[in-house]
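Protein chains in written order, with our numbering: chain A, 899 to 1015; chain B, 205 to 314. Ideal Cβ positions, reconstructed from N, Cα and C, are used throughout, including at glycine. Bear in mind that the values here come from a model prediction, so they are computed numbers and not experimental data.
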Amino acid sequence: DGGITQSPKYLFRKEGQNVTLSCEQNLNHDAMYWYRQDPGQGLRLIYYSQIVNDFQKGDIAEGYSVSREKKESFPLTVTSAQKNPTAFYLCASSIVGRALSSYNEQFFGPGTRLTVL
Amino acid sequence: QQPVQSPQAVILREGEDAVINCSSSKALYSVHWYRQKHGEAPVFLMILLKGGEQKGHEKISASFNEKKQQSSLYLTASQLSYSGTYFCGTERVRDDKIIFGKGTRLHILP
């Protein structure tokens, strides 16, 4: 079955440690996105990528980094510079980006809940 | 630049109707609507494009007023399964990303 997988579902880390969240899709989608979800804040865009080896900052990119070496993978690293990393992180993908993104829905993964102790 | 959703929360009895509004201060190219159940990923409901018509299926429909930069989601004769948080996502003209609102929590009582 096609879809988006995120692992792990729950992640605990000590303050000051970097942590990488995995996102893999087998939908052959060009665009991939990372969102952060906090209670009452909705979905806030961290980074997005329209094509392999290219990505753009979203609204809250500080303290995060990404890579897009393969079409199907878009890992997110939460660095120690992120002041409030505890949150629910969602990865999404869509068929195309740029001007055609309006025509296509975003498919979301199940999310990773990160808790920094 | 997040779109503003209203109301923030609503409680209905099964069979009642609900309207969720989404407004933006910027000119929009499209509006997306998603529903998220507690602890689950958001699920796509529909996209409304600039110049397009009102869309919908069964008892969930939406409209998009381009001049006012507003969209509304209509849930008719609500069912228990409609409970969840509804997000609108807006895309500005010549932009390539969606900005989501803070969500509207909908709770349907039997």
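Starting from arginine 296(B), trace the beta strand (DSSP E) in both directions and tell me its first and last residue. 288-296
Drop a sphere of 10 angstroms on the beta-carbon of tyrosine 987(A), count the other beta-carbons inside from all chains shown, and report buried for 16 or more, exposed for fewer. buried
Neighbour-count burial assignment, aspartate 928(A), 16 or more Cβ in a 10 Å radius: buried
Proximal residues, the stretch 933-952 of chain A versus chain B, C-beta separation under 7 Å: Gly938, Gln939, Gly940, Leu941, Leu943, Tyr946 and Gln948
Please decide whether glutamine 274(B) counts as near chain A, where near means a Cβ-Cβ distance under 8 Å. no
Under 7 Å between beta-carbons, which chain B residues line up against phenylalanine 1006(A)? List them in chain order, please. Ala245 and Pro246
Just how far apart, CA to CA, sit isoleucine 303(B) and glycine 293(B)? 5 Å
Could you check the C-alpha separation between alanine 997(A) and glycine 900(A) for me, to the nearest Å? Because the pLDDT at alanine 997(A) is just 49, under 50, the model does not fix this residue reliably, and the point stays unresolved.
For the candidate residues Val247(B), Lys241(B) and Thr280(B), whose alpha-carbon lies nearest to that of arginine 309(B)? Lys241(B)
When Cβ atoms are compared, which residues of the stretch 221-243 of chain B fall closer than 9 Å to chain A? Tyr233, Ser234, His236, Tyr238, Gln240 and Gly243
Of the residues Pro1008(A), Phe1005(A), Ser992(A) and Tyr946(A), which one's Cα is nearest the Cα of leucine 974(A)? Tyr946(A)
For phenylalanine 910(A), report the span of its beta strand (DSSP E) as first-last. 908-911
Is the CB of leucine 988(A) under 8 Å away from at least one CB in chain B? yes
According to DSSP, is leucine 284(B) helix, strand or coil? helix
Sufficient close CB pairs (3 or more, under 8 Å) joining the stretch 976-987 of chain A to the stretch 959-968 of chain A: yes
Apart from the five residues just before and just after serine 210(B), which ones in its own chain have a Cβ nearer than 6 Å to its Cβ? Asn225
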